[in-house]
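Have a look at the structure below, then the notes.
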Ligand code: TXA
Ligand code: MG
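Written out as structure tokens, the structure is:
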């Protein structure tokens, strides 16, 4: 079914917020590109979002907030990071910071990391939706994996119209390229992705910007987009646990924890990082049941393989 394309007004914003509360997906305009929004706190909704994108891997997502204060309640911002946020928010600058313990952004949206990417968008429709929704929304660009980012509602409608619940048409995006992403955790900022805020403009507010490469294609892996790695040793495609191993199950098997007793890949994706963390606290060895390769299974197996390699 093709999603309705609606002009943002009080009624369509309220309808979009209700869809998001129910775990649905809404394409929302931002000043950079159209985003595919889901409730950041709802792991099932985030799993459906990855499935709709057709991503072969779980990349951490940007959590969009209604105000700087809302963002500061999710992540740890240094004084200098706050100063930079004051200069560019609302706007196309994304900050990677350490998540606060009480963050409501679920582990799947963070790809299991303890860090968090946060942005306060400037587009009036995005702001209205965030206000009406009342919590952070994760939103990767609203294109299928491997296609270019959409800058008009009709791009979203033709590429993703059958995979979202509602498209808000806020007109063409004024920036047209994605937000600039910086790692704001250290004493000086590191550029992770070039975008519509220029390095020289960041320099004026927080000097010492170094370039770390693209978050998607890290030039120095390990320093940049580290993957969640458990301390425990993982054994994949295990039919049953050996003595001393925890068993992370899938489907109708007896297990220490079960990603999805009914064999549902969306449910499994939603549980993946949280369950790995739980078992990592109680065990030094974890056996993982085979996960079928189709659909979200590819992304789940990708993350499990990385976790097993511990790189
Ligand atoms: O302009 C934009 O940023 C758009 C609009 C919709 O807001 N969103 C967007 O999201 O481009 P996405 O998911 O396509 O890109 C998110 C970027 C990726 O490069 C990802 O690696 C990086 O942010 N990122 C997210 N969380 C991160 C983290 N914890 N550490 C490092 N990089 C992170
Ligand atoms: Mg993208």
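Numbering (our numbering), first residue to last: 18 to 328.
Yeah, the Cβ is synthetic: ideal placement off N, Cα and C, and Gly gets one too.
These figures come from a predicted structure and were not determined experimentally.
Report the option in 143, 267, 309 whose CA atom is closest to the CA atom of residue 257.
-> 267
Proximity to residue 91 [Cα-Cα], best of 113, 253, 165 = 113
Alpha carbon of residue 178 to alpha carbon of residue 35, nearest angstrom = Their backbone Cα atoms lie some 19 angstroms apart in a straight line.
Determine which residues share a DSSP beta bridge with residue 111 and list them.
-> 198
Output the distance between the C-alpha atoms of residue 218 and residue 294, rounded to the nearest integer angstrom.
-> 39 angstroms
Within this structure, are the beta carbons of residue 186 and residue 24 separated by less than 8 angstroms?
-> Yes; because the gap between Cβ atoms is below 8 angstroms, this pair is in contact.
Comparing alpha-carbon positions, which option in 167, 261, 317 lies nearest residue 254?
-> Among 167, 261, 317, the Cα nearest to that of residue 254 belongs to 317.
How is residue 17 classed by DSSP in three states: helix, strand or coil?
-> In this structure the chain extends from 18 to 328, so residue 17 is not present and cannot be described.
In chain order, what residues of the same chain lie with their CB nearer than 8 angstroms to the CB of residue 308, ignoring the 5 residues before and after it?
-> 267, 276, 282, 285, 314, 317, 318, 321
Taking just the CA atoms, how far does residue 224 sit from residue 59?
-> 37 angstroms
Contact under 8 angstroms by Cβ, residue 49 with residue 192 | Closer than 8 angstroms, so yes.
Among residues of its own chain, excluding the 5 on either side of residue 324, which ones have a beta-carbon nearer than 8 angstroms to its beta-carbon?
-> 244, 245, 246, 247, 251, 293
Per DSSP, what kind of secondary structure is residue 160 in: helix, strand or coil?
-> In the structure shown, residue 160 sits in coil (DSSP, three-state: anything other than H, G, I, E or B).
Neighbour-count burial assignment, residue 298, 16 or more Cβ in a 10 Å radius | exposed
Express the C-alpha separation of residue 82 and residue 214 in angstroms, rounding to a whole number.
-> For residue 214 and residue 82, the distance between alpha carbons rounds to 18 angstroms.
Residue ranges of each beta strand (DSSP E) within the region 40-102, 3 or longer | List check, beta strand (DSSP E) in window: 43-45, 52-56, 79-81.
Limits of the unbroken beta strand (DSSP E) element including residue 295 | First-last for residue 295: 282-299, but that is the alpha helix (DSSP H), not the beta strand (DSSP E).
First and last residue of the beta strand (DSSP E) that includes residue 266?
-> Per DSSP, the unbroken beta strand (DSSP E) holding residue 266 starts and ends at 263-266.
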